[in-house]
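To start, the structure under review is shown below, and the notes come after it.
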Amino acid sequence: MITMLVLLALIFLLHIATITLLLAATINNGWWVTDTMSTDVWARWVYQNNAWNYTSLPTSYPQGLCIMIAASIYTDIFHKNEQGSYGPSFILAWISFALSFISSVVYFVLRKKTA
1 MITMLVLLAL IFLLHIATIT LLLAATINNG WWVTDTMSTD VWARWVYQNN AWNYTSLPTS
61 YPQGLCIMIA ASIYTDIFHK NEQGSYGPSF ILAWISFALS FISSVVYFVL RKKTA
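Under the UniProt record's numbering, residues 1 to 115 are what the sequence shown spells out, in order.
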């Protein structure tokens, strides 16, 4: 009984950590960063004339874009021939994916034990 309560508490903490990291990855605008530009899922910030200018991305991007699809696209397609590096939001998104995957595996294992 206590083991199940401990597992339940750990799964709850895992869910909270995953949600927190996903929110931080989505809110922060550091998916791709250079000295003069920062791009996130929703827009691009360009540094021109000593000021940061907001450039909206095309409206064809769905606003409910899944974080893992966005991270996969950034990994595979965008920025192949550009100078810069992946920002903290990109890293947080992949950490969140790993935590979500671990959470789902634990859930399936526990469901199999109780069934």
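Using N, Cα and C, we set each Cβ at its ideal position, and we do this for glycine too. The model shown is predicted, which means the values in this text are computed figures rather than measured ones.
Check your understanding: Closest by CA to residue 84, which one among 43, 32 and 27?
Key -> 32
**Study point:** Which residues DSSP lists as bridging residue 51, in chain order
**Key:** 48
Review point. For residue 22 versus residue 103, is the C-beta distance shorter than 7 Å?
Key: no
Check your understanding: First and last residue of the beta strand (DSSP E) that includes residue 39?
Key -> 37-39
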